[in-house]
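Report on the following structure.
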Amino acid sequence: MRPATLLRLALAGTRTDAARVTLTTLSAALATLPGLTALTVLAIPTPPATDDNPNRWSEQYTIQLLVEPGLRGGTAFALLLLAIPVLVLAGQSARMGAPGRDRRLAALRLAGATPGQVTRLAMLETGLASLVGTVVGLAGYLVGRKLLHHPDASGRLVLPTDVLPSVPAMAAVVLGLPLVAAAATAVMLRRVTATPLGVVRRARRTGAPRPWPALLIGLGVLAVAMIDPIVRAFRDTRLDWLFADPATRDLVIALVAVLVVFVGLFAGVVGVILGAGWISYFAGQLLHRFARGPAALLAARRLTDDPWASSRTFAALLASLVVGAGAAAFRARFLLDEQLQREQSRRAGYDDYAGPFSSFYLSTMDLVDLTVVTAVAIAAAGLLVTLVEGIVTRRRAYAALVATGVPRTTIATSILWQVLAPAVPAVLVALGVGHGFGRQFVGDHVTGGFQEEVCRASAELCQDPATRDRYTEIVQVERVIHSPDVPLEQLALLGAGAVAAVLITAGLGLLFLRANTAVQELRST
Amino acid sequence: MTHLQARGVVKAYGPTPALRGVTLDVAEGEIVAVSGPSGCGKSTLLHCLAGILRPDVGEVSWRGDRIDTWSESARSRLRRTEFGVLFQFGQLVAELTAAENVALPLLLAGTGRRAARTAAVNWLDRFGVAELADVRPGEMSGGQQQRCATARALVTEPRVLFADEPTGALDTLTGEQVLTQLVRLAREQRTTVVLVTHEPRVAAYADREVVLRDGMVDHTGLGFEASLGGGVR
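Residue numbers (our numbering), protein chains in the order written: chain A, 1 to 525; chain B, 526 to 758.
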C-alpha cells in the first residue's frame, strides 16, 4: 500500500473516529508538558562549590525543590508521575469508537488489506495524532516558558524558565511519545483479529474476579514494612569484603530501599486498581440481590458482566488517591514533628519557633497535593471519555429501550449506579491503602528512651567542674512514642473531592445520553 | 371502532421528506401491514403512530386523544403501558438474561421482581424459549433473540404492538415461526398490530396492507390471511 493511501485510510472515519483522534492529540499534548518540565528541572546546572555556596545550590530560584541539586531528581520524578494519568487518559481515548474502527478495519480486510496493513493503519492514526499533540505540547511549553518568565525584585525565578533541556532530550519526548503510542496501539490490536467477516476479540476474560488484588496490596504493605529490617540487616551484616568504600555500601542500601519502596508501591497501586474490578463484581452481585428497580438491575448486570471496566475507568483516579492519601500521612507526620519541635522550643524558652525543617517539607507537601488534585482532574477527564464511549457503544440498545417507553431517567440512573457503586468503596480502599503505606513509611516520632545526665543545682555549680559531678545524676528519659494523627479531614476531603469529580463527570457524560438515544440510532448499523 | 388514527401526517429529516401527508385508520384488534420500497417512510410512519416521533404537520390520535401534542414523558408512559414496540434487531439489553429482558417493562411499571420474572418466564414459554430464561442475548440465535424481544413487547399485554421489520434479520423459516407466534398471540389477546415490512410474504399475515410510496399512501389492500376469511374489519 502506498504511503499516501495508507495516510488517507488512516485519517478516514466517522465523527467518533475524529473525536478519538482529537482526544489522542490532546492527551499527547498534555503528556508532553510534564515530560518537558521534568527535563527542564533536570537541566538546571549545578554550580561549582565555593566558600559562599558550599552546597552547590542554584540560588537563582525561589523554590527550594529547584535550589537544592539533591531534590531536583525527586521533583522531576514527581512531574513524570503527573504524566501517568495523562497516559491513562490517552489509553482511554484510544478505546473510544473502537467498535466502529474495528468494523472499518474489517471492511478494509474484506477489500483485500492484509492483517499487517490494518495494524499499520491503526498505528499510523495513533502515531500521527500523537505527533501533532506532542508538537502542540512543545509549542505550548515554549510559549508558556516565555509567559512565565518573571524574575522578582532580586532577580530570582519561581520556575526554571531560564533553562532549556537539550535538543536531543526534547526530541526524545516529542518523537518518543508518538512511537510509544503507536507501539501501544499495535499491542492492543494483538487481542483483536480483524477478519474480512468482522472483528473477533480474543481471550475475553470471563468469570468472577479472584482475590489476587488483596494479595498484591498485602505484598505492597509487606514490602514497605520490610524496608527498615532490610536496611538494618544490610547495616548489621559485615559486607566489608563486598564494599570497600562505606559510601558505596550506603548507596547500595539506599538503592535497595528505594527499589523495595517502588515494588511495594507498584504492587499496592496495581492491587487497588485491580481491586476495583473485584469490588465492581461484588457490588454488582449485591445490587442484583437487593435491587428493586430496573435501573439498579441494569447497573448490577453491567457491573458483574464486565467488572474490569471499573478497573480501567478508575485506574488513574485510584492511583492518584493512593498517592494523595500517602502524601496526607507524610503531612501528618511533618505536622507532628513541627508540633513537637515547637513544644521543645517552648520548653527551652523560645516561644516563637518557626523551624525551617518542617515548613520546608510542608510547603513541599502543598506542591504534592497540587499535583494530586491535577491528577484527579485529569483522571476525571479520562472517566468522562470512558463514560461517553460506553453510552455511544450502547446507543442502539438505549435507543430501543427509550422507544419502548423506558424513561431516559431510568437509563441515566442505571449509569449513575454503575459508576458510583464501585467508585465509592474503591475510593475508600485507595485512601486506606495509600494512607497505610504512607503511615508505615513515615513511622512514629520517638522521643526519649535513653539516659541523660541532669545537673540538679544552680547554673554556677553545674558549670564548675569541681562541683558538677556532685549534683549530676543519670536519669532515664522515658521513651515516648508520638504517633501522627490520622489525617481524617484531609482524607475525607480527598475522598469527597474524588467522588464529587466522579459525580460531575457522570453528570457531564449523561448530557450525551439524549443525543445517543434518538430514534435515528435504531436505523444506524 | 378506530383505535389509532393518523391524519395528514408530514415528517421530514432536515430537507429530506419522509412522510408527505399520510392518513390512516387502524381498528381495534386489526393487524395492519405497512409496506413499500426502501425509503418510502414506513418506519417513520410507525414511529409517528407509536409516539416515538412527533409529526411536523398533521395529527396522530389514540382512542380519540391527540398524542402528537403530548409531552415526551407522557408519550413514553403511553408506550410503556398501552403500546409494545418491536424492532428488527438490537433491542435486547446484552447484559440482562432473557427473563430479565422480558421482565424489564413490568419492573418499570412497578411490578415486584419475583412476579415480573414469573410473568416473563411464562411469556418466554408461550414463545417456546422458556429454557433460555437465564441465558443472555449474546448466547442466543437471532430467532431466539427475536422471540425474546417479541415476548418483551407483549409482556405488558399492550393494546397495540408496533413491529418494525420484526423478521428482517431472520432466515425465512425462523421468520415464519416468529411471525406465526406473534400473530397467534396477538389474535388471542386482541392486540392491534402495526407491522412494517417490505416483504409481501410478511404482509400476507396482516388483515390489511397499506402500501406507501414516496411518503404517501399508494394503495390499501387485504392481507393474505384476511383474503382467506380471517382477520378483523
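Here a beta-carbon is modelled for each residue, glycine too, at the ideal position from N, C-alpha and C.
Does DSSP put Met123 of chain A in a helix, a strand or coil? Correct three-state label for Met123 of chain A: helix.
When A:Glu389, A:Gly449, A:Val480 are compared against Leu511 of chain A, the one with the closest alpha-carbon: Nearest of A:Glu389, A:Gly449, A:Val480 to Leu511 of chain A, Cα basis: A:Glu389.
Going along chain B in order, which residues have a C-beta closer than 8 Å to the C-beta of Ala397 of chain A? Neighbours of Ala397 of chain A on chain B, chain order: Gly615, Gln616, Leu617, Val618, Ala619.
So if I threshold CB-CB distances at 8 Å, which residues from the segment 730-750 of chain B count as touching chain A? For the segment 730-750 of chain B, the beta-carbon criterion of a distance under 8 Å to any beta-carbon of chain A is satisfied by none of its residues.
On a CA-only basis, which of A:Leu66, A:Ala172, A:Thr32, A:Asp469 is nearest Val454 of chain A? Give me that one, please. When only C-alpha atoms are compared, the closest one is A:Asp469.
DSSP bridge partner residues for His744 of chain B (one or two, in chain order): Its beta-bridge partners are B:Val736.
Interface residues of chain B around Leu297 of chain A at Cβ under 7 Å? Ordered by position in chain B, the residues that pass the 7 Å Cβ test against Leu297 of chain A are Glu625, Leu632.
Cβ-based contacts, 8 Å cut-off: residues of the segment 585-603 of chain B near chain A: Listed by position, the residues of the segment 585-603 of chain B near chain A (Cβ gap below 8 Å) are Ser598, Ser601, Arg602, Leu603.
Is Val406 of chain A close to chain B? Criterion is C-beta to C-beta, closer than 8 Å. Yes, because at least one Cβ of chain B sits closer than 8 Å to the Cβ of Val406 of chain A.
Residue range of the alpha helix (DSSP H) that includes Pro294 of chain A: Run containing Pro294 of chain A: 294-305, per the alpha helix (DSSP H) assignment.
Could you give the first and the last residue of the continuous alpha helix (DSSP H) run that contains Leu720 of chain B? First-last for Leu720 of chain B: 717-721, but that is the beta strand (DSSP E), not the alpha helix (DSSP H).
Using a Cβ-Cβ cut-off of less than 7 Å, list which residues of the segment 402-436 of chain A approach chain B; keep chain order. Look at the segment 402-436 of chain A: the residues with a C-beta under 7 Å from a C-beta of chain B are Ala403, Thr404, Gly405, Val406, Pro407, Thr410.
Can you tell which of A:Val67, A:Ala183, A:Gly133 has the C-alpha that lies nearest to the C-alpha of Val174 of chain A? Each of A:Val67, A:Ala183, A:Gly133 was checked against the Cα of Val174 of chain A, and the nearest Cα belongs to A:Gly133.
Could you give the DSSP three-state label for Cys471 of chain B: helix, strand or coil? Coverage of chain B is limited to positions 526 through 758, which leaves residue 471 of chain B absent and any answer about it impossible.
Tyr350 of chain A, buried or exposed, once every other Cβ within 10 Å from all chains shown has been counted against 16: Result: exposed.
Going by CA-CA distance only, name the one from A:Ala380, A:Arg232, A:Ile227 that's closest to Val442 of chain A. Val442 of chain A has its Cα closest to that of A:Ile227, out of A:Ala380, A:Arg232, A:Ile227.
Since Val534 of chain B sits in a beta bridge, which residues does DSSP pair it with? Paired residues: B:Val547.
Three-state secondary structure assigned by DSSP to Ile577 of chain B: Here Ile577 of chain B carries a coil assignment [DSSP, helix/strand/coil].
Just how far apart, CA to CA, sit Ala348 of chain A and Gln463 of chain A? Whole-angstrom Cα-Cα distance: 18 Å.
Exposure label - Asn626 of chain B; buried when at least 16 CB within 10 Å: Asn626 of chain B comes out buried.
Taking Cβ-Cβ distances shorter than 7 Å, what residues in chain B pair up with Asp102 of chain A? Those within 7 Å of Asp102 of chain A in chain B number zero; the least Cβ separation is about 16 Å.
Using the C-alpha atoms, what's the distance from Thr248 of chain A back to Ala319 of chain A? Those two C-alpha atoms are separated by around 34 Å.
Checking contacts by CB at 8 Å: is Ala312 of chain A closer than that to chain B? With the sequence shown as reference, residue 312 of chain A is identified as Arg, and Ala is not the correct amino acid for it. With a threshold of 8 Å between beta carbons, Arg312 of chain A makes no contact with chain B.
Residue ranges of each beta strand (DSSP E) run of no fewer than 3 residues wholly in the segment 663-729 of chain B, ordered along the chain? Counting only runs of at least 3 residues, the segment 663-729 of chain B fully encloses the following beta strand (DSSP E) elements, listed from N- to C-terminal order: 685-689, 717-721.
My guess is that Ala558 of chain B and Val727 of chain B are in contact by the Cβ rule of under 8 Å, so how many angstroms apart are they, rounded? So it is a contact: roughly 7 Å between Cβ atoms.
Simplified DSSP assignment, three categories, for His435 of chain A: His435 of chain A falls in the helix class under three-state DSSP.
When you compare the segment 596-609 of chain B with the segment 393-406 of chain A, are there three or more beta-carbon pairs, one atom per stretch, that lie closer than 8 Å? Because the criterion of three Cβ pairs below 8 Å is met, the segment 596-609 of chain B and the segment 393-406 of chain A touch.
Endpoints, the beta strand (DSSP E) within which Trp595 of chain B is located: In this chain, Trp595 of chain B is not harboured by any beta strand (DSSP E), its DSSP state being neither H nor E.
Name, in chain order, the residues that DSSP records as bridge partners for Gly609 of chain B. Note: Gly609 of chain B sits in a beta bridge opposite B:Leu686.
Determine the chain A residues that contact Leu629 of chain B at a beta-carbon separation under 9 Å, and present them in chain order. For the C-beta of Leu629 of chain B, the chain A residues within less than 9 Å are, from N- to C-terminus, Pro294, Leu297, Leu298, Leu401, Thr404, Val406.
Note down, in chain order, each residue of its chain lying with its Cβ closer than 6 Å to the Cβ of Thr569 of chain B, except the 5 sequence neighbours on either side. Cβ neighbours of Thr569 of chain B beyond the five flanking positions: Lys536, Ala543, Leu544.
Report the residue ranges of all alpha helix (DSSP H) runs contained in full by the segment 390-461 of chain A; include only those spanning at least 4 residues, in chain order. Listed in chain order, the alpha helix (DSSP H) elements of length 4 or more contained wholly in the segment 390-461 of chain A are 395-403, 408-442.
Proximity test, Ala254 of chain A beta-carbon vs the ligand MG heavy atom, cut-off 7 Å: Only the bare structure without any ligand can be found here, which leaves the ligand MG out of the picture.
Helix, strand or coil for Gly218 of chain A? Go by DSSP, reduced to three states. Gly218 of chain A: helix per DSSP, three-state reduction.
Over the uninterrupted alpha helix (DSSP H) stretch that includes His288 of chain A, give me the two end residues. Unbroken alpha helix (DSSP H) run through His288 of chain A: 246-290.
Going by DSSP, what residue range makes up the beta strand (DSSP E) through Val557 of chain B? Run containing Val557 of chain B: 556-560, per the beta strand (DSSP E) assignment.
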